[in-house]
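*Asks:* Here it is, the structure, as C-alpha cells.
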RNA sequence: CGGGGUGUGGCGAAGUUUGGUAUCGCGCUUGGUUCGGGACCAAGAGGCCUCGAGUUCGAAUCUCGACACUCCGACCA
C-alpha cells in the first residue's frame, strides 16, 4: 500500500502528539462530533452506547447500595443558588443564566444547573421531618452546564452527562461512611469494569468542592503521565442543612440538622478510557463497556456457505455477547482496521478455510494475537480471551502508573524525576500549608492531586519547607 | 483569561504572497472484477471557499469585525 493512502486513514501517533492522537480517536472511532455551540458536543451512537453501558453498570451498583433514582429540574432560581455562600462562590463564575421566557424578562433569573446540591437541599427541607425519613439515598442521571473557557471532547465540555448522588443522613458518621462507600464504588467500577487503576484519596483544603467539609476523589493516570480525576465524593457535614434548614426530629424529640453527601462521575470517564488503553491503532475498549464485544468478519463472503456460517455464529454468540456481523462490501483489511479503530476487544474471522476445519480465528484487539478456536468451544474461547484482554490492559495501565510514580524527598528530586521520566505522580510529604502547596506547583509544575487513603505515613519532612509533615500527597499535572 | 495556530465538497489538503469565478487525494453513487491486514477498473454526483461588513469592474485571495476549532499556560468534573 502506498504512503499516500496510509496518511488519509491513520491517526496521529500518540508519541508524536498525544493531544491530537486523542481528538483523532474521538472523531475516527465515531464517538463524538463538534456542534455549533462551543464546548457542546454531539455524542454519536457509538460513543453514547459506551455511556449507556457505563450507566447500566454503575446504576446497578447504586441500586445495590440502596440508592433510588430521581429527577430534579434543570433550572435553579438565583436566590436558591445563593443560599450556601461557599457553594455559590465556587460555581458562580461558570453558570449559564436564563433571563427570558419567550420575550418576557423573568422576575428572577434562573441558572442552568451546574450541579444540583441546592435543588436536593430544597427538596430535603420540604420532605425530611423525622428520623424515620432518613436516610435519603438519591441519585440522578442528567446533564449539567458549566461555562468553561477551554474545552475538549469528553474531558471538558460545557454541557456534560453525569450522575450525581445526593444523600441525607441522621448522623455525621453515617454520612462519612456513605462518602467513603461511594468512593469505593467508583474505585471498584474503574478498576473492574474500566480496567483502569485509580488512587483513592482526599483532596487538600484548597482543592475541595465548593461547600464541602471534605472531598474525596479517584485519580487515574493517563498514558502520557497526566492525572485525571475520574470521580469525586463529598462530605458536607451539616453546612448545607443549616443553610437550607433541613432538620428532623430525632428519637429524643430534638430538632437536628441532617448530614449530607454528594458524589458524581461524568462522560469524562469515556475520555479516561481512551487515554488509558488506546494505542496507535485507535481505541481499546474494556469488554464490560464495549458496545460491540465481538466483531464477526466474514472472509471471502461471496463464497458459498461463508455468510450463512457467519450469521449462524452471530446468532449463537449473540446469546452471551454483544456481537456485530459486518457483511458490508469493504475488504477484510479495511474491516480489520475499522474495528481496531473502534476498540472492539475481539474480532472473529470466518472464511472458507476455517469452515473446512470447523474453526474460526479470534484476534485480541490489544495484542492482535490470533487464536484458532474450534467452533464447538467458541463461547468458552471468546469468554477466556475477553477476560484475558481485560486483565492485560488493566495490568498495562497499572504498570504505567507504577513506572510513572516517583517518590521524592526534595523539590530538586521532583524536578529531576519529572525531567528524566516525564509527567507522572510525584509522591512527596507535605506540611499542610497552602503556601507550600502553591510553591510546589509554582516551582515544579505539579499540583496536589490527592492525599492517598491507606498510605498515610507518619513523620517525614515537608518537601517544600522541611517542617514536620502531616500528609503524604500525590502531586501531578492534571487534565 | 493570556499567548500561538487553523477555518476551501463528507475527510485531508493545494490555491491566498502577486485579486480574474476552484484543484488534487480519499470517501460517496452506479456497474464489473476482487476478498486471510486498509483491493482494482470504468463512468458519475457533490462546493453558501466559517459568517458579516468593506475596498474593487471583479474577492477563497486585500481590509475590518465576529464565530468556531485547536495547541501551550492559569482555573475547574
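Residue numbers (our numbering): 35 to 513.
Beta carbons are placed, not taken as given, at the ideal position from N, Cα and C, and that holds for glycine.
1) Quick check: what's the CA-CA separation for residue 175 versus residue 92?
2) Alpha carbons only, please: which of 111, 278, 170, 141 is nearest the one belonging to residue 147?
3) Helix, strand or coil for residue 9, going by three-state DSSP, please let me know.
4) Would you decide whether residue 393 is buried or exposed? Buried here means 16 or more other CB atoms lie within 10 Å of its CB.
5) Compute the Euclidean distance between the alpha carbons of residue 479 and residue 472, then round it to the nearest angstrom.
6) Quick one, which of 299, 285, 236, 280 has its alpha-carbon nearest residue 293's?
7) Let's test the definition: count the other Cβ atoms within 10 Å of the Cβ of residue 338 and tell me whether it reaches 16, buried, or not, exposed.
8) Might you give, ordered along the chain, the residues of its own chain that have their beta carbon closer than 7 Å to the beta carbon of residue 70, omitting 5 neighbours on each side?
9) What residue from 181, 269, 444, 458 has the CA that sits closest to residue 434's CA?
10) Determine the direct distance from the alpha carbon of residue 441 to that of residue 495, and round the result to whole angstroms.
11) My understanding is that residue 274 touches residue 156, with C-beta atoms under 8 Å, so please give their C-beta distance in whole angstroms.
12) Measuring alpha carbon to alpha carbon, tell me which residue in 383, 225, 448, 199 is nearest residue 335.
13) Helix, strand or coil for residue 517 per DSSP?
14) Let me know the beta strand (DSSP E) ranges lying completely inside the region 254 to 294, each 3 residues or longer, listed in chain order.
15) Classify residue 366 as helix, strand or coil using the three-state DSSP reduction.
16) Can you tell me the Cα-Cα spacing of residue 158 and residue 141, whole angstroms?
17) I'd like to check one pair, residue 236 with residue 248: are the Cβ atoms closer than 8 Å?
18) Tell me, please, whether the region 463 to 477 touches the region 421 to 428 by the rule of three or more beta-carbon pairs shorter than 8 Å.
19) For the beta strand (DSSP E) containing residue 157, list its first residue and its last residue.
20) Three-state secondary structure (DSSP) at residue 318?
21) In terms of DSSP beta bridges, what is residue 484 paired with?
22) When DSSP builds the beta bridges, which residues end up paired with residue 139?
23) Determine, using beta carbons only, whether residue 416 and residue 355 come nearer to each other than 8 Å.
24) How would you write the range of the beta strand (DSSP E) that residue 463 sits in, first residue to last?
25) Could you work out which residue in 57, 272, 326 is closest to residue 203 when comparing CA atoms only?
26) Since I believe residue 460 is in contact with residue 450 (beta carbons under 8 Å), could you give me their beta-carbon distance rounded to a whole number of angstroms?
27) Check the C-beta distance from residue 282 over to residue 165 and give it rounded, since I have them as a contact under 8 Å.
28) Around the C-beta of residue 37, are 16 or more other C-beta atoms found within 10 angstroms, so that it is buried, or is it exposed?
29) What's the gap between the Cα of residue 501 and the Cα of residue 443?
30) Assess, as a yes-or-no matter, whether the region 170 to 185 is touched by the region 47 to 60 under the definition of 3 or more beta carbon pairs within less than 8 Å.
31) If I measure Cβ to Cβ from residue 41 and keep anything under 6 Å in the same chain, skipping five residues before and after, which residues do I get?
32) According to DSSP, is residue 207 part of a helix, a strand, or is it coil?
*Replies:* This is what the structure holds:
1) 11 Å
2) 111
3) Residue coverage of the chain in this structure runs from 35 to 513, which leaves residue 9 outside it and unanswerable.
4) buried
5) 10 Å
6) 280
7) exposed
8) none
9) 458
10) 13 Å
11) Between residue 156 and residue 274 the Cβ distance is about 10 Å, and since that is not below 8 Å, they are no contact.
12) 383
13) Given that the chain is displayed from residue 35 to residue 513, the structure contains no residue 517 and the question cannot be resolved.
14) 261 to 271, 281 to 283, 289 to 291
15) helix
16) 25 Å
17) yes
18) no
19) It is not in any beta strand (DSSP E) - residue 157 instead sits in the alpha helix (DSSP H) that spans 151 to 161.
20) coil
21) 508
22) 134
23) yes
24) 459 to 464
25) 272
26) The pair is not a contact, with the Cβ atoms about 11 Å apart (cut-off 8 Å).
27) 6 Å
28) Confidence is the limiting factor: at residue 37 the pLDDT is only 37, short of 50, which leaves the residue's position unreliable, though a coordinate-based value still follows. Residue 37 should be labelled exposed.
29) 12 Å
30) no
31) Any reading at residue 41 is ruled out, since the residue's pLDDT is 38, under 50, leaving its predicted position unreliable.
32) helix
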